[in-house]
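If you read the sequence shown in my numbering, its first letter stands for residue 128, the second for the next number, and so on. Heads up: the structure comes next, in structure tokens.
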Amino acid sequence: MFVANSMDGRPAVILGSCALFVIPLAFYLMHKRKNKAITGPVTTSTKAKTADPVLDFSRENLTLDSAKYLSFLINSSDHSARPGFLLFVQQASAFSSNFSAIRESGCLKTLLEYLSQDRHINANRRETLCILQTVANLACDQDNFPVIKDHMEMIFNIANAQEYSDESCAALQLLCNLALTPTGCLLLRNRICFFYRILETRDPYMLRQVLAVLVNLSCDIDSSQALLNSEVPSRLLHSLNFPLSPAVHPLLTLQTVTFLKNLYTKVHSSPSIFADQLARSNPRSMFSFLCNVRTSLRIRLALTRSELTSPDSTEELFNSIDELVQLLDDASFDSSQPVNYAEHSAIAAPTSS
Numbered sequence: 128m129f130v131a132n133s134m135d136g137r138p139a140v141i142l143g144s145c146a147l148f149v150i151p152l153a154f155y156l157m158h159k160r161k162n163k164a165i166t167g168p169v170t171t172s173t174k175a176k177t178a179d180p181v182l183d184f185s186r187e188n189l190t191l192d193s194a195k196y197l198s199f200l201i202n203s204s205d206h207s208a209r210p211g212f213l214l215f216v217q218q219a220s221a222f223s224s225n226f227s228a229i230r231e232s233g234c235l236k237t238l239l240e241y242l243s244q245d246r247h248i249n250a251n252r253r254e255t256l257c258i259l260q261t262v263a264n265l266a267c268d269q270d271n272f273p274v275i276k277d278h279m280e281m282i283f284n285i286a287n288a289q290e291y292s293d294e295s296c297a298a299l300q301l302l303c304n305l306a307l308t309p310t311g312c313l314l315l316r317n318r319i320c321f322f323y324r325i326l327e328t329r330d331p332y333m334l335r336q337v338l339a340v341l342v343n344l345s346c347d348i349d350s351s352q353a354l355l356n357s358e359v360p361s362r363l364l365h366s367l368n369f370p371l372s373p374a375v376h377p378l379l380t381l382q383t384v385t386f387l388k389n390l391y392t393k394v395h396s397s398p399s400i401f402a403d404q405l406a407r408s409n410p411r412s413m414f415s416f417l418c419n420v421r422t423s424l425r426i427r428l429a430l431t432r433s434e435l436t437s438p439d440s441t442e443e444l445f446n447s448i449d450e451l452v453q454l455l456d457d458a459s460f461d462s463s464q465p466v467n468y469a470e471h472s473a474i475a476a477p478t479s480s
């Protein structure tokens, strides 16, 4: 399965550093000091009997008690202290050993419910980004899906952008991580057309994330069939020509080639079945689209391969292009219901990303 790597060196999983650990701890101590000033001094005997779960916080080994306490503090703390507690959880989410504690403590539910309050998404972008990055890490574990699926509409709403923002990119990364498993793909399967719309973006980071989602979906048996049956927008070929051009980062080209190669491979796996289905298929389906744009894709790929001069271009990219061209040349089916893509089949001039 192909999963996109960051073009700028940023890790897909958010790892907390020692320096970052000091920040939320400072927020927490300020919060404690403020509470003490209000409630009065605590007696020595009370201190001896009371253990503070957050002061025992360990990023690598988050206890259930600490996670429960963090969930409580996120809900009840004032605005100035909350970012520190959110950062605590974000750091802990970088370690898979903490996934169960964050989930079973109700902390994951607390984060998503807090984010689902509309006023918080736009009011504090820093908190929104922190929560999305945390949930993106937790989305790598299928056990967290039952909690996440109740908030999918909110996640899609944040991801629904063609202009870059940290929040929309993080939401797409979350969806990409969901698509790493068949169960996660099932959560996304009825929103395939949503990803086609995002493909129209010219922002390389947004494009990288949405292509990663589509590649992961195309690797799943049932989702690849759903992709072939999906209705495509009239400008899909125009959208695909951009990442297939030599003007973009080679990673985007590799992702696009991989996505198309997976779909054509699916068709070639049972040519007689698909040839029979073609006569009955939706003329705007992805399957009909793939049948009709083979010539245009061959031209685009030939131009791209001849113009690739970037030092980042790898042998993997060249091999993938050659494999896709071979699939296009060996196609043994033709559309019995031709779709007029003429207005969109012209190769767009390379545009700088």
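No residue lacks a Cβ here, since even glycine has one placed at the ideal position from N, Cα and C. All figures in this text were calculated on a predicted structure; none of them were measured in a lab.
Proline 273 classed as buried or exposed, judged by whether at least 16 other C-beta atoms fall within 10 angstroms
The residue in question, proline 273, is exposed, as its Cβ has fewer than 16 Cβ neighbours within 10 Å.
Which of helix, strand or coil does DSSP assign to glutamate 450?
Reduced to three states, the DSSP call for glutamate 450 is helix.
Which parts of the segment 266-329 are runs of the alpha helix (DSSP H), unbroken and 4 residues or longer, counting only runs that do not cross its ends?
Qualifying alpha helix (DSSP H) stretches, in chain order: 272-275, 279-286, 293-305, 309-315, 319-325.
Look at the Cβ atom of leucine 326, then the Cβ atom of serine 366, and state whether they are nearer than 8 Å.
With contacts defined as CB atoms closer than 8 Å, leucine 326 and serine 366 qualify as a contacting pair.
Supposed contact pair leucine 301 and alanine 339 - C-beta distance, whole angstroms, cut 8 Å
At roughly 11 Å, the Cβ-Cβ gap does not stay under 8 Å, so alanine 339 and leucine 301 are not in contact.
CA nearest to the CA of aspartate 268, picked from Leu305, Gln218, Lys276
Of the residues Leu305, Gln218, Lys276, the one whose Cα lies closest to the Cα of aspartate 268 is Leu305.
Within this structure, are the beta carbons of arginine 186 and alanine 219 separated by less than 8 Å?
Yes.
Mind checking alanine 86: buried by the 16 CB within 10 Å criterion, or exposed?
This structure cannot speak to residue 86, because the chain is shown only from 128 to 480.
Which residue from Tyr291, Pro309, Glu280, Thr308 puts its Cα closest to that of arginine 318?
Of Tyr291, Pro309, Glu280, Thr308, the residue nearest in Cα terms is Glu280.
Under the three-state DSSP convention, the category glutamate 231 falls into:
Collapsing the DSSP output to three states places glutamate 231 in a helix.
Output the boundary residues of the alpha helix (DSSP H) element that contains leucine 371.
Looking at the DSSP string, leucine 371 is not in any alpha helix (DSSP H), and its letter there is neither H nor E.
Where isoleucine 258 falls, given that 16 or more other Cβ within 10 Å makes a residue buried:
With 16 or more Cβ atoms within 10 Å of its Cβ, isoleucine 258 is classed as buried.
The alpha helix (DSSP H) with alanine 219 in it runs from where to where?
Unbroken alpha helix (DSSP H) run through alanine 219: 209-219.
Take the Cβ of threonine 422 as the centre, count every other Cβ of all protein chains shown within 10 Å, and call the residue buried at 16 or more, exposed below.
When all chains shown are included, threonine 422 counts as exposed.
Can you find at least 3 beta carbon pairs, one from the segment 354-365 and one from the segment 373-381, that sit closer than 8 Å?
Counting Cβ pairs under 8 Å, fewer than three are found: no touch.
Please state the DSSP three-state secondary structure of proline 168.
The pLDDT assigned to proline 168 is 38, lower than 50, so where the model puts this residue is not dependable; a value taken from the coordinates is nonetheless given after this. Note: proline 168 maps to coil in three-state DSSP.
Run the proximity test for serine 207: is its beta-carbon closer than 7 Å to any non-hydrogen atom belonging to the ligand MG?
The ligand MG is not part of the structure shown, which contains no ligands of any sort.
Buried versus exposed call for glutamate 254 [16 or more other C-beta atoms within 10 Å across all chains shown]:
Its Cβ being crowded by 16 or more others within 10 Å, glutamate 254 is buried.
Taking just the CA atoms, how far does glutamine 217 sit from tyrosine 332?
Distance between the alpha carbons of tyrosine 332 and glutamine 217 is about 22 Å.
What would DSSP say about glutamate 434, mapped onto helix, strand or coil?
DSSP, reduced to helix, strand and coil, places glutamate 434 within a helical segment of the structure shown.
For leucine 379 versus leucine 334, is the C-beta distance shorter than 8 Å?
Closer than 8 Å, so yes.
Straight-line Cα distance separating leucine 214 from leucine 156:
Caution applies to leucine 156, whose pLDDT of 43 falls short of 50 and renders its modelled position unreliable; the model cannot decide the point.
Grouping DSSP H, G and I as helix and E and B as strand, with all else coil, what is serine 396?
The answer is helix: DSSP assigns serine 396 an H, G or I state.
Serine 433 burial status per 10 Å Cβ neighbour count (16 or more: buried):
Serine 433 is exposed by the Cβ-count criterion.
With distances taken from CA atoms, which of Val342, Thr431, Thr436 is nearest tyrosine 391?
Ranking Val342, Thr431, Thr436 by Cα distance to tyrosine 391 puts Val342 first.
Under the three-state reduction of DSSP, which class applies to glutamate 187: helix, strand or coil?
Secondary structure of glutamate 187 (DSSP, three-state): coil.
Spatial neighbours of serine 232 in its chain, beta-carbon cut-off 7 Å, leaving aside the 5 residues before and after
The residues Leu191, Ala194, Lys195, Ser198, in chain order, have a CB closer than 7 Å to that of serine 232 in the same chain once the five nearest residues on each side in sequence are set aside.
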